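Written below as structure tokens is the structure these notes are about.
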């Protein structure tokens with residue numbers, strides 16, 4: 001005996017409702033996956049931007065350090081030159097003092 005039409009239609013409606021529910025759950029699941037993918041993509045982009053910014057900052061600091069190294073080396077050279085000049089002046093001064101002492105000694109003898 002065939003089922004009445006309202007049961008057949010109701011059964012088809014239930015199947016359609018189940019199919020719709022399953023499709024809706026799948027859509028929601030995929031939306032969440034897409035949102036997660038978008039969040040991950042944004043996080044990766046932000047990390048890349050931060051890495052680029054930090055790399056630029058490191059390069060800038062390395063350039064400043066190199067410039068400072070050049071300045072320090074120039075200061076060392078100037079200091080060595082000044083120390084050498086000071087040593088020469090001390091030797092000249094000592095030689096002059098010795099010569100003055102000799103002349104005073106000769107003057108005292110005469």
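In full-length UniProt numbering, the protein residues as written are 1 to 110.
All C-beta atoms, glycine included, are put in the ideal place defined by N, C-alpha and C.
As the structure is a computational prediction, the values presented were derived from the model and not from experiment.
Distance, residue j Cα to residue i Cα
i	j	result
residue 56	residue 42	21 angstroms
residue 54	residue 34	30 angstroms
residue 25	residue 62	54 angstroms
residue 84	residue 59	37 angstroms
residue 68	residue 87	28 angstroms
residue 28	residue 49	31 angstroms
residue 6	residue 21	Because residue 6 sits at a pLDDT of 49, beneath the cut-off of 50, its placement in the model cannot be relied upon, and the following sentence gives the value as read from the coordinates. Rounded to the nearest angstrom, the two C-alpha atoms are 22 angstroms apart.
residue 90	residue 74	24 angstroms
residue 70	residue 64	10 angstroms
residue 66	residue 82	24 angstroms
residue 39	residue 19	30 angstroms
Heavy atom of the ligand MN within 7 angstroms of residue i beta-carbon
i	result
residue 74	In the structure shown, the ligand MN is absent, as is every other ligand, since no ligand is present at all.
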